[in-house]
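Right, one structure below, let's go through it.
Protein chains: 2
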Amino acid sequence: MNEFLALALEEARAGIENDDGGPFGAVIVQEGVVISKAHNEVLRRNDPTAHAEILAIREASAILGSFDLSTCEIYSTSEPCPMCFAAIFWARIKRLVYGTTREDVAEIGFDDSLIYDVIRGEAELEQMELVKLDREGCRAVLEEWRRKPGRRMY
Amino acid sequence: MNEFLALALEEARAGIENDDGGPFGAVIVQEGVVISKAHNEVLRRNDPTAHAEILAIREASAILGSFDLSTCEIYSTSEPCPMCFAAIFWARIKRLVYGTTREDVAEIGFDDSLIYDVIRGEAELEQMELVKLDREGCRAVLEEWRRKPGRRMY
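Chain order of the listed sequences is A and B. Take the first sequence: its letter number 98 is residue 98 in the UniProt record's numbering, and every next letter is one higher. Take the second sequence: its letter number 144 is residue 144 in the UniProt record's numbering, and every next letter is one higher.
Structure follows, in structure tokens:
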């Protein structure tokens, strides 16, 4: 087995033992060196965003002092959910390696297929009501930002 | 304008003034009471996950002591990106109210349309290489979790 996936699995196992959250681990690597390791801690932290990949990204960014992780790879025990996938994208990580698929994850009860289906426009949300409101008023702040001298695009 | 969107706009403006990140704000409300407010702080925190919605969710979960925010609504100045949308889903927030659309946001340079397209299967990633590896080895940890007595499903 790939050595970094094996480390990510160790993380996932630690999470199971400690009842920290779901059985998922992630490792971020830069030029062959491990920068950060994390496992799902949604239950321990009472934080729905505390997925393994999010925690690993936040730690790697803190260690490297940059939101840009384009010199890094991420190893995840399972296919990242849409939240984590988009976070990996925003972090500009250049390579994502994962073990089990979204179907494997759904089999044990972590079913994020609804999110994919909604993003694809193939399902409606029952859990969440979506309301669009005050678009013009909110556009003003986008315009303010566009006109700001020296703004940092990222 | 809706009072909570107005508060979220104040947050977005504070972020612009402080050069904290993109011009986005979010507010979480429970039964008419503001629980948390946040704006994008990707630049200030050097954290690519520090979008307004993620920060507001993390703070609300810490304040309420729960990863389950199903008694809450979120007000966002702009349509949440896929990362934030999925985070709102995982937090079980019951109502999402937003101002500007993903197209408005793309106009000022924050273009998350590629993430939507990839999730829809309509685009390939150039930025990120995807590798599936060691699926069977990684399934073992999912099985371990499934067999664990007293595991908390969430």
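Every residue, glycine too, gets a C-beta built ideally from N, C-alpha and C. Since this is a predicted model, take the numbers as computed values, not measurements.
Item: Cβ contact (3+ pairs, closer than 8 angstroms) linking the segment 94-111 of chain B and the segment 42-55 of chain A; Value: no
Item: Assigned secondary structure, residue 180 of chain B (DSSP; H/G/I helix, E/B strand, else coil); Value: As shown, chain B starts at 1 and ends at 154. That puts residue 180 of chain B outside it, with no answer to give.
Item: Chain B contact for Gly91 of chain A (CB, 8 angstroms cutoff); Value: One point to set straight first is that residue 91 of chain A is Ala, not Gly, in the sequence displayed. Closer than 8 angstroms: yes.
Item: 9 angstroms Cβ cut-off: residues of chain B touching Asn18 of chain A; Value: In chain order: nothing, as chain B lies at least about 12 angstroms away.
Item: Supposed contact pair Ile115 of chain B and Pro80 of chain B - C-beta distance, whole angstroms, cut 8 angstroms; Value: About 12 angstroms; that fails the 8 angstroms criterion.
Item: Residue environment, Lys148 of chain A, which counts as buried when at least 16 other CB atoms sit within 10 Å; Value: exposed
Item: At least three beta-carbon pairs within less than 8 angstroms, the segment 6-22 of chain B to the segment 135-152 of chain B; Value: no
Item: Residue burial classification, Ala38 of chain A (beta-carbon count within 10 angstroms, cutoff 16); Value: buried
Item: Residues bridged to Arg95 of chain B (per DSSP); Value: A:Glu129, B:Glu73
Item: N-terminal and C-terminal residue of the beta strand (DSSP E) that Gly22 of chain A is part of; Value: Unbroken run through Gly22 of chain A: none, as it is neither H nor E.
Item: Proximal residues to Ala123 of chain A (C-beta, below 7 angstroms), its chain only, five neighbours per side dropped; Value: Leu114, Asp117
Item: contact_flag[the segment 60-78 of chain B, the segment 54-73 of chain A] where n(CB pairs < 8 angstroms) is 3 or more; Value: no
Item: Under 7 angstroms by beta carbon: chain A residues contacting Lys148 of chain B; Value: Ile16
Item: Own chain partners of Phe67 of chain A with C-beta closer than 6 angstroms, once the 5 adjacent residues on each side are dropped; Value: Ser61
Item: 8 angstroms Cβ cutoff, Ile63 of chain B in contact with chain A; Value: no
Item: Best match in A:Thr100, A:Lys94, A:Gly32 for proximity to Glu143 of chain B [C-alpha to C-alpha]; Value: A:Thr100
Item: Between the CA atoms of Glu53 of chain B and Ala91 of chain B - distance to the nearest angstrom; Value: 11 angstroms
Item: Cα-Cα separation, Gly109 of chain B to Leu130 of chain B; Value: 25 angstroms
Item: Residues, ordered as in the chain, of the segment 116-127 of chain A that lie near chain B by beta-carbon distance below 7 angstroms; Value: Tyr116, Ile119, Arg120, Gln127
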